[in-house]
Structure formats: C-alpha cells, structure tokens
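Accompanying notes for the structure given below.
There are 4 protein chains.
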Amino acid sequence: MPEVKKPNPARRNERSRHAILDAARELIREVGYAKVSIEAIAARAGVGKQTIYRWWPSKGAVVFDSFLALSGDPEEGEGMALPDTGDIEADLKLVMRATVAEFADPHFEAPIRALNLEIISDSDLAAQYREKLARPVEDVKKARLRAAQQAGQLAADADLDLVLEVLYAPLYQRWLHRSGPLTAEYADALVDVTLKAFRP
Amino acid sequence: MPEVKKPNPARRNERSRHAILDAARELIREVGYAKVSIEAIAARAGVGKQTIYRWWPSKGAVVFDSFLALSGDPEEGEGMALPDTGDIEADLKLVMRATVAEFADPHFEAPIRALNLEIISDSDLAAQYREKLARPVEDVKKARLRAAQQAGQLAADADLDLVLEVLYAPLYQRWLHRSGPLTAEYADALVDVTLKAFRP
Amino acid sequence: MPEVKKPNPARRNERSRHAILDAARELIREVGYAKVSIEAIAARAGVGKQTIYRWWPSKGAVVFDSFLALSGDPEEGEGMALPDTGDIEADLKLVMRATVAEFADPHFEAPIRALNLEIISDSDLAAQYREKLARPVEDVKKARLRAAQQAGQLAADADLDLVLEVLYAPLYQRWLHRSGPLTAEYADALVDVTLKAFRP
Amino acid sequence: MPEVKKPNPARRNERSRHAILDAARELIREVGYAKVSIEAIAARAGVGKQTIYRWWPSKGAVVFDSFLALSGDPEEGEGMALPDTGDIEADLKLVMRATVAEFADPHFEAPIRALNLEIISDSDLAAQYREKLARPVEDVKKARLRAAQQAGQLAADADLDLVLEVLYAPLYQRWLHRSGPLTAEYADALVDVTLKAFRP
DNA sequence: GAATAAGCGAGACGGTACGTCAAGTCTTCGC
DNA sequence: GCGAAGACTTGACGTACCGTCTCGCTTATTC
Chain A
0 MPEVKKPNPA RRNERSRHAI LDAARELIRE VGYAKVSIEA IAARAGVGKQ
50 TIYRWWPSKG AVVFDSFLAL SGDPEEGEGM ALPDTGDIEA DLKLVMRATV
100 AEFADPHFEA PIRALNLEII SDSDLAAQYR EKLARPVEDV KKARLRAAQQ
150 AGQLAADADL DLVLEVLYAP LYQRWLHRSG PLTAEYADAL VDVTLKAFRP
Chain F
0 MPEVKKPNPA RRNERSRHAI LDAARELIRE VGYAKVSIEA IAARAGVGKQ
50 TIYRWWPSKG AVVFDSFLAL SGDPEEGEGM ALPDTGDIEA DLKLVMRATV
100 AEFADPHFEA PIRALNLEII SDSDLAAQYR EKLARPVEDV KKARLRAAQQ
150 AGQLAADADL DLVLEVLYAP LYQRWLHRSG PLTAEYADAL VDVTLKAFRP
Chain B
0 MPEVKKPNPA RRNERSRHAI LDAARELIRE VGYAKVSIEA IAARAGVGKQ
50 TIYRWWPSKG AVVFDSFLAL SGDPEEGEGM ALPDTGDIEA DLKLVMRATV
100 AEFADPHFEA PIRALNLEII SDSDLAAQYR EKLARPVEDV KKARLRAAQQ
150 AGQLAADADL DLVLEVLYAP LYQRWLHRSG PLTAEYADAL VDVTLKAFRP
Chain V
0 MPEVKKPNPA RRNERSRHAI LDAARELIRE VGYAKVSIEA IAARAGVGKQ
50 TIYRWWPSKG AVVFDSFLAL SGDPEEGEGM ALPDTGDIEA DLKLVMRATV
100 AEFADPHFEA PIRALNLEII SDSDLAAQYR EKLARPVEDV KKARLRAAQQ
150 AGQLAADADL DLVLEVLYAP LYQRWLHRSG PLTAEYADAL VDVTLKAFRP
C-alpha cells in the first residue's frame, strides 16, 4: 500500500473552495479553457497552488466542479420540471427551442465547450457528468415522456433513452461540430421527426 | 504589412513531411493525445522543431493532417461506396453495425478521440474536417439515401442531412460520452427509428 | 510595543523537547544538514510544527541546541581536564592526536560540518557557540598552558589565546577545506611548531 | 548507461553566462547568500532558469563560478607577486596587514562568507577552490618564502605549506568565528610567531 | 473538583522556490 | 543555402517546505 496522505475534509476552508471555483469559471470565460492554468486560478483566487492540488487531481476536475457548483447543488431534482400542457408536441417544441437558443448563445460557448473537452478526454469525469449533471435533467425529461406514453401520444414500448438521444444528439452534434445552423425551425424538425418515429 | 516570411512549398522536403505525420500518429497511439508534444514528434521524426513550425501552425494541425494523410488522400471520393442491394433497411443495418463495431474497437479509441478534441476546440480545423473528411463520406451516404428515396423507401421530401444526423448522432454521442453500450442491437434500433421517422 | 506572545517555559513539555533535539541529530546524520527540514524534524519527533516554532527561532537554532544538549550540559566545566604529566610537549601531542583522530572520524563529519555552517552564517549562534561550547573547552586548555608557563616551558608573556590559535587553527582549516591529510604526524608537527614559537 | 543529454559548450551564449554570474554576485551582496534563489538570479540576469540548470548543477556552483570569474581568469599566475625587499619580516607584515584589512572590510563580508559556505559543504567545489583560487595564490606566497629560505631567514627544511597554515589559519579562524579582533597588531603578532617557529 | 487556560498533535492555509518540461523563436554548423 | 540540431526565453507544471493559523485534546494550575 502506497499509503497516500489524504487531507481531512472536515478542516477544508469553504471560502477557499468557493474562491477557486469562481476563479476557474471567470478565467474560462475570459481567456478560454485551454489557456487557463492552475497557477492562474490560484493567483486569481488568492490561494496557494497546494490548496488546489490538495483537493483536486487535475485542472479538469476543478473546471468540472466549477460547473457542478454552478448548477446549484439541487439536492433533489425538484424545482425544475418540464411544462406539461397535455400536448407533448407543443411542450417539446417549447423546450427544444429554448435549448437551441441556449446553445446558440455565445456567452455559453466557451464554458460548455470546456466542459465537453473534459468529459470527452477523462472517463472518470464523464461518469461524474452523467451521474450528477446529465441524469437529473434526463429524469425530468423522461417523466414528461412517460406522461405522454400514458396519454397515448408515444408508443407505450418506446425506449425513452433512445427517444432522448434521437431528440437531442443531432442538436448536440451540430453544435459540437458547428456543422449546421441552430434555429427554431431545426428544433421543431427534431421534435417532428422524433414524434413520428415513436408514434404509437 | 508585417510581411510574414512564408516558406516556399515547392521546396518542401517530402521525406520530412511524411516522417512528421507518421511520428505524430505513432505517438498518439503510444502515449495518448494529451501527452504528445511537438518536441517529441520532432525527435521521433528526426527533424528540427523549426521544420514543424514552418509548415503547421499548431500541434492540432499536425495531428489533424496526420489523420488526413491516413485517410488515403482519395482525390475523388471514388472507391468507397455503400452497398446497394435495393433493400435500404438491410443495407443501413449492415453499415451501422460496421460503424458500431469500429467505434467499439479499442484500437481506434485514442486517435479518434484525439481528432475529436481537435475539431471541437478549433473551429478552423472543424471546418477542414467537415470539408475534407466528413463531406466525402456523407456524400456517398446521401447517394445511397437518394436511391432509397427514388425507390419509394424514404419520403421524397426528407432532408437527407437530417436523416444522417438522426441515424448517426445518437451513436456518436453515446461513444463520445460513453453513455451507453454500442451493440449491433443498438445499430439496428437506430436504423428502425430513422426509417420509421422518414417513411414516405 | 508589538507585545509578542511569549510561551511560559515552566509548562514546556520536556518529552517533546528531547524528541525534537534527538530527531534533529538523527536527521542530520542520515540525510545531511542541508536536507533537514523543520517539517521532517517535527514528523520524526511526532510533534506539531508549532511546538518547534514556539521554542526556537530557526532551524539553525534547533540544530545548534541539539549539539549543546549532546555536549552533556556539564553545568560546571568539571569532569574534563587535560592530562598534566609535567611534560607539556607530551601532553599536547596526546591531546592533538586525539583531536586529529576525532576530526578524521567520518561519523563526526556531517554533524560537525552542520554546526560550523550554522555558526559561520549566523553571528548570534556564533556568539552562543563561543560562550557555551568553545569557551569551557578553551578554559581547561588554557589552564594546562598556564601550568606550563609556571613550569618555564612556555614564555611567561605568551598570549594564550594566540597559542591556542596557532595550535588548533591550522588543523581546523585543513579539516574544513579538506586541504591536507589529518595524521598523527601532523598533530605532532603542530605541537612542535607551537612550542618553538612560544618557547621562553 | 543513463545517457544524459549534455549540452554543447561551443554553442553557449556568452552574454547569458556573464549576465548570470554578474546577477549572482550582485544578489549576494544585496540580500545575502542564503536568500539568493536561482529564480532570482535568472530574473535579474534576464535569462531562463533552464539556462542556469543547463550549465550549473546547483546554486553553489553558480556562486562559486561567479567568484572565479571575478578573480580575473589570470591564465598564468603572473602579475601578482609578493613584495620582496629582502626583509621577510617586513614583507610578511605588509602582506598580513593588508589581508587583515581586507577581511575586516564589511564590503567583503557577505560574498566571502558565501564562498566559504559553499566550499565547506560541497567537497567538489572545495577541490575546485583549492585548485583554481587557493593554489595560485599559495604558489606566489611559497615563492617568497623559498627566497627567504635561501637568504637564511627561514629554516631550510621548513614545510612551506605548514608555514602558510600557521601564518594564515589563525586569522582565517578568527574571521570565520568572529572570535577576536582583526587588527594590524594581530597581523604583526602572527608574523612574529611564525618567524620564531620557523627560524633556522 | 470544576473551571480555565496553556501547551500540544495535527494539519490546512497563503506563499516562495524548487527542478523539469515544453512552447515557440533564434543561431550555428554541416552537407 | 537549406535544414538538423539545439540553445535560448518564457511560463506552467506538480512538489517540498516555509511560517502562520486554527482545530480538538490533554494537562496543570487557580479558584
């Protein structure tokens, strides 16, 4: 056993933790992910480098945590629920248009690409991402889809994971590869295609 | 005008160019993309660093070019064509199963992730990727889909770009995020969904 | 007045004090003076760093104290006295040969060099050294020389400090600079030279 | 064979070398040897740290070299010769008084102590010191002493190394340990003692 | 005998410097 | 006269310790 010294989380300085995550987010926005250094994060946060290395294994982990912290630590996934007017098509179009608008917002560009770089190249972070960020969101989406199934608007035997993939993956890929325009029409088209594919 | 010195491509040493691209590919496979340095590529290729900087603007560009070179410099997209048995479902399932198998091959893991990291973070490379690598492949796929349209197996007004996205993006996303298993059944399911969505 | 907090020596933990001095001496022997850190001393002694900083101002002071403690805390200088056979030449040669042997002992090398580094670079410690370690030893040596003066073996007006310097400084310098062999013959030569110089 | 990369001295940048040695000397004078860091030397010299590490193994080696460079690279020891009036006593007193004055000069304090710390704790540097700095000086001193022997002012069989030690070591020790005043009288006393000891 | 205060172990903290690696630029030398 | 080799400045890496600062815990007076 190599017997690595592990720090005692009880003594952790909450003020420093916050300052580090804030600094990380600010720097990503200002200079772009690739140019952010741990040194710069430490300096900006007014913190010793060791305090970062003590609690995070890599720059990626810090950046990732800064997104986690941003997402508000929702404890339970309550508070965010999809609209349910009884019309699944209308509801999905509403949500997809909002998502498209979000992706198209240049303000989100740098941080979200940074997050994606992390989870693509580090499978541990990818697992954390699925667990802590993606899953809660997917769960509320699936809840809405399940309601649609019960209302007979979706095939009862539809694989909801697959439904979500067909709905979102094309949008995600377009954004990631910049391979096409992200418009409200595109959002609508994805909803139409998905509903047609999974109609009862 | 700052009048940047630009080298004369006519004088370029082809032997060095090849050695550099080969070294880049080897190193990515051996140590992983993130740990590859220009220094290491130069050393492995038996070339001065300046010879790399003279012809490529960044590590990403070298890596990207090493993939371009690998894809065989097809000049025209001939030589690769999708099977056409007349049965679009069977043909697509064949192709998708092969694609799934390719993505699942651990041998391709590192280089393809490296390539994706490049094009995600560098929009210039992303444009080149679309132009030089993605487009030719998409063109042959679209040719097969167009044949299906003419055979009445796909809606005549289907947006073929969208068809390809619905078909491939879910698979791509699963692979990128490691968010689910890549199996032959999954390949079939994607084909079924897509055909249902774009049925005439 | 800045009103520095000063600890109450009455409450000092004697067990910790000993553990620290022992640890310091052990570490100097094991890894050499330059590589000894307060952190390592504290860890070895099973003591908090603050307990060292509370009682010593610097690493040098700890090391120095560890030598003081080693020298046995003789209270009064009794117990050690130079041989006095009545023959100053024979007595000095005995003592000088012993000294040469001591310096040549590799076991003493590291610690004594460490001590010398301290007193060379820190004049406070140098003063303490002269007072607490050097003076008592010099006093017994001078006592023997004074007896020799009274016996007419040394000039009555000889400056005994100077006699000791002529006797010991060459040996000390040879050891410090490793500029020549330390042998019994060398010890004898120094005694001969000194006696010739200060003959009545 | 570990096959360490060794730089090619022919390509060494002389301007950088000078800047480093100058910066080292300046910093020792300004802040004291212990507080000089390689980082600070590099910054002051306008040089990358690697350029220091490429050519010197340690801070001590840089500092030592800065003294070597200062001593003027005398090629042959010519140019400096001791006075020879025919009167060894007068000549030695002249030289010793000058030496005492030099040691007492507070301007020389810091650098010479720094040099001594180096050669005391690093036997490699000590050997270089003897070879490159001490020996040439000793040689000219011995030449003068040899003349005195031929003039019958010193015993013909006197060990000149020993003579020099008796003459200089007490002075050196006093300075190093700050154990007594360095005065012209002291210089004279040392000459008197030495001449008496080594009289024919 | 309980209350209180000091010393203590532990170790997290903001820092400085370490010695290493690589980036991208500039220089030299050999073919 | 080009290009390999590699020295240069720069800057970040991750580590080791510095000296300071809480934490609980033990111990030893003081009321």
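Protein chains in written order, with numbering that gives the first Met the number 0: chain A, 0 to 199; chain F, 0 to 199; chain B, 0 to 199; chain V, 0 to 199.
We put the CB at the ideal spot given by N, CA and C, even for glycine.
Fair warning: this is a prediction, and the values are worked out from it, not measured in the lab.
Just checking my contact of residue i with residue j at CB under 8 Å: how many whole Å lie between their CB atoms?
| i | j | result |
| --- | --- | --- |
| isoleucine 119 (chain F) | asparagine 115 (chain A) | 6 Å |
| leucine 132 (chain F) | leucine 144 (chain F) | No, leucine 132 (chain F) and leucine 144 (chain F) are not in contact; Cβ-Cβ is about 19 Å, not under 8 Å. |
| serine 65 (chain V) | alanine 23 (chain V) | 4 Å |
| alanine 186 (chain F) | valine 99 (chain F) | 5 Å |
| alanine 103 (chain V) | leucine 181 (chain V) | 5 Å |
| glycine 81 (chain B) | valine 139 (chain B) | Correcting the residue identity first, residue 81 (chain B) is leucine in this sequence and not glycine. Rounded, the Cβ-Cβ distance is 6 Å, consistent with contact. |
| tyrosine 171 (chain B) | glutamine 172 (chain V) | 6 Å |
| histidine 59 (chain B) | aspartate 121 (chain B) | A small fix is needed here, since residue 59 (chain B) is glycine in this sequence, not histidine. Right, the Cβ-Cβ distance comes to about 5 Å (below 8 Å), so this counts as a contact. |
| glutamate 88 (chain B) | valine 165 (chain B) | No, glutamate 88 (chain B) and valine 165 (chain B) are not in contact; Cβ-Cβ is about 15 Å, not under 8 Å. |
| aspartate 6 (chain V) | arginine 53 (chain V) | Here the sequence assigns proline to residue 6 (chain V), which means aspartate is not the residue at that position. Right, their Cβ atoms sit about 5 Å apart. |
Closest to residue i by CA distance: which of the options is it?
| i | options | result |
| --- | --- | --- |
| glutamine 178 (chain V) | B:Thr84, B:Leu124, B:Ala41 and B:Val94 | A small correction: the amino acid at residue 178 (chain V) is serine; glutamine does not occupy that position in the sequence shown. Nearest option by C-alpha distance: B:Leu124. |
| alanine 146 (chain V) | V:Pro169, V:Phe102, V:Asp83 and V:Pro8 | V:Asp83 |
| valine 162 (chain F) | A:Pro169, A:Val162 and A:Glu38 | A:Pro169 |
| tyrosine 167 (chain F) | F:Asp121, F:Gln149 and F:Thr193 | F:Thr193 |
| lysine 195 (chain B) | V:His176, V:Ala157 and V:Ala113 | V:Ala157 |
| alanine 150 (chain F) | F:Val62, F:Arg198 and F:Pro105 | F:Arg198 |
| leucine 159 (chain F) | F:Leu175, F:Lys141, F:Arg173 and F:His176 | F:Lys141 |
| valine 62 (chain F) | F:Glu101, F:Tyr128 and F:Leu175 | F:Tyr128 |
| alanine 18 (chain B) | B:Asp90, B:Glu38, B:Asn7 and B:Ala44 | B:Ala44 |
| leucine 184 (chain A) | A:Val94, A:His176 and A:Arg112 | In the sequence as displayed, the identity of residue 184 (chain A) is glutamate instead of leucine. Nearest C-alpha to glutamate 184 (chain A): A:Val94. |
| leucine 67 (chain F) | F:Arg134, F:Ala155 and F:Lys48 | F:Arg134 |
| alanine 188 (chain F) | F:Trp174, F:Gln148, F:Phe107 and F:Leu91 | F:Leu91 |
| threonine 50 (chain F) | F:Asn12, F:Arg28, F:Ile111 and F:Glu29 | F:Asn12 |
| glycine 85 (chain B) | B:Arg28, B:Gln148 and B:Glu29 | B:Gln148 |
| lysine 48 (chain F) | F:Leu69, F:Arg28, F:Arg16 and F:Arg112 | F:Arg16 |
| serine 70 (chain A) | A:Glu38, A:Val136 and A:Arg96 | A:Val136 |
| arginine 14 (chain V) | V:Val46, V:Ala155 and V:Ile40 | V:Val46 |
| alanine 126 (chain F) | A:Ala113, A:Ile111 and A:His176 | A:His176 |
| arginine 28 (chain A) | A:Ile111, A:Ala97 and A:Ala9 | A:Ile111 |
| glutamate 101 (chain V) | V:Pro8, V:Trp174 and V:Arg10 | V:Trp174 |
| proline 8 (chain A) | A:Ala113, A:Trp55 and A:Val30 | A:Trp55 |
**Report entry** Interface residues of the stretch 109 to 140 of chain V facing chain B [CB-CB below 7 Å]
**Finding:** Arg112, Asn115, Leu116, Ile118, Ile119, Ser120, Ser122, Ala125 and Arg129
Query - Positions along the stretch 39 to 54 of chain F whose CB lies within less than 9 Å of some CB in chain A - result: none
Query raised in the report: Residues in the stretch 164 to 178 of chain F with C-beta within 9 Å of chain A's C-beta atoms, listed in sequence order?
Result: Glu164, Val165, Tyr167, Ala168, Pro169, Leu170, Tyr171, Gln172, Arg173, Leu175, His176, Arg177 and Ser178
Report task. Please list the residues of the stretch 150 to 164 of chain B that have a C-beta atom closer than 8 Å to any C-beta atom in chain V, keeping them in chain order. Result -> Asp158, Asp160, Leu161 and Glu164
**Report entry** Any alpha helix (DSSP H) of 4 or more consecutive residues that is wholly inside the stretch 112 to 140 of chain A
**Finding:** 122 to 127
Report task. Would you list, in chain order, the members of the stretch 182 to 199 of chain V that have their beta-carbon closer than 9 Å to a beta-carbon of chain B? Result -> Tyr185, Ala188, Leu189, Asp191, Val192, Thr193, Leu194, Lys195, Ala196, Phe197 and Arg198
Query raised in the report: Mind listing which residues of the stretch 13 to 35 of chain A have their C-beta closer than 9 Å to chain F's C-betas, in chain order?
Result: Gly31, Tyr32 and Ala33
Requested in this report: Counting only runs of 4+ residues fully inside the stretch 2 to 64 of chain V, write out the alpha helix (DSSP H) ranges in chain order.
Outcome: 13 to 30, 37 to 44 and 48 to 54
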